[in-house]
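Residue numbers (this note's numbering): 27 to 280. The block underneath contains the structure these notes are about, expressed in structure tokens.
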Amino acid sequence: MTDAWGVSNPKSKYKPFLRIIREYGFVLLMKRGGRGCVKDGVATTAHGELAIQCLACPRENVNIPADWRSDRRRYMLILMMDANFRLSNIRRSSTLDPGLGTGLAYLVADDPYREHYQKYKAQTDISTCSGFKTLEMAEKKDATGLRSTGLAMVACARHELIRAEGTGDLQKGERFCNMDFVAMSAAQGINLDRFYSYDVACQWCIHVMERIKELPTQLQPPPGVKSSYGVPKCHAKGHILACQCCFSMGLQLG
């Protein structure tokens with residue numbers, strides 16, 4: 027790959043080496059998921075099947091009583107969500123450089139995610155709380171030459187394990203259309219009530235139920251599922267007093 031003597035100038039093998047690393051990681055992911063023991067295992071892998079499930083989080087028919095509905099608050103799924111603005115990715119052709127195994131573990135599936143966020147040309151939500159960089163940069167983030175400007179993520183708040191299909195790229199800033207999809211994808215198919223911890227939960231929750239109706243049907247919460255919201259203590263002091271009282275983690279049920 028290199029010539030320490032400097033006699034010749036070998037062709038760079040950097041890109042092929044990166045491709046080999048990605049392919050090896052994909053094969054290893056399939057191996058650890060036991061897909062080699064199943065006929066057509068790779069082709070029949072379900073969405074999120076290769077993600078490691080949190081053993082301690084409540085799961086219906088796994089680790090909670092059959093009569094859990096009599097005390098829904100006790101068996102609430104507690105999630106935390108946020109985004110990172112630093113994980114940018116240079117724009118490339120999706121045809122020449124497609125994702126490998128997206129939607130099978132922690133990243134959301136590409137096609138439905140892209141179809142959803144392309145409906146929203148701009149975020150029109152107006153903050154009723156203090157000025158936040160998250161909301162200010164939602165549409166102002168410079169995305170020139172970038173395929174993604176960051177990453178949105180959802181994890182279980184108690185045990186800090188990333189949820190299956192709980193991460194997704196950002197195209198501009200931390201827009202609600204991205205956070206909606208990732209938040210609902212991370213809890214899809216779960217009949218338990220949910221609690222979301224988010225630094226701008228006071229703004230995100232205002233029209234969230236109307237925005238959820240625009241999501242794919244399989245991501246929408248089942249009938250009867252209730253969602254509640256809170257602001258982490260480290261962010262609470264940056265909010266106005268009304269938000270601190272309503273969204274304080276110390277005052278939330280569950």
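Each residue gets a CB set at the ideal place from its N, CA and C atoms; glycine is no exception.
Considering only the beta carbon of each residue, do residue i and residue j sit closer than 7 Å?
i, j, result
"Gly127", "Phe202", "no"
"Leu105", "Val180", "yes"
"Met9", "Ala178", "Only positions 27 to 280 of the chain appear in this structure, which leaves residue 9 out of reach."
"Thr71", "Arg61", "yes"
"Pro248", "Ser223", "no"
"Arg99", "Leu279", "yes"
Measuring only the C-alpha atoms, how far is residue i from residue j?
i, j, result
"Ile46", "Ala82", "35 Å"
"Ser182", "Pro84", "Note on residue identity: the sequence assigns Cys, not Ser, to residue 182. In a straight line, the C-alpha of Cys182 is about 10 Å away from that of Pro84."
"Ile266", "Lys252", "25 Å"
"Arg189", "Thr121", "28 Å"
"Ala69", "Asp136", "16 Å"
"Trp230", "Gln246", "16 Å"
"Met102", "Pro138", "27 Å"
"Ser174", "Leu196", "5 Å"
"Asn35", "Asp123", "27 Å"
"Ile90", "Lys41", "48 Å"
"Phe43", "Lys37", "12 Å"
"Ser96", "Lys239", "28 Å"
"Ala227", "His142", "21 Å"
"Leu113", "Gly176", "4 Å"
Would you mind giving the Cβ-Cβ distance between residue i and residue j, rounded to the nearest angstrom? I have them listed as a contact below 8 Å.
i, j, result
"Asn110", "Leu172", "Going by Cβ atoms, the distance from Asn110 to Leu172 rounds to 14 Å, so no, they are not a contact pair."
"Leu218", "Glu86", "7 Å"
"His185", "Asp225", "Their Cβ separation, rounded to whole angstroms, is 20 Å, which puts His185 and Asp225 out of contact at 8 Å."
"Ala212", "Glu191", "6 Å"
"Met275", "Gly256", "5 Å"
(message) Which complete beta strand (DSSP E) runs does the segment 165-222 hold, if anything under 3 residues is left out?
(response) 172-174, 176-182 and 188-196
(message) Between the segment 64-76 and the segment 129-145, can you find at least three pairs of beta-carbon atoms closer than 8 Å?
(response) yes
(message) Which complete beta strand (DSSP E) runs does the segment 88-158 hold, if anything under 3 residues is left out?
(response) 103-110
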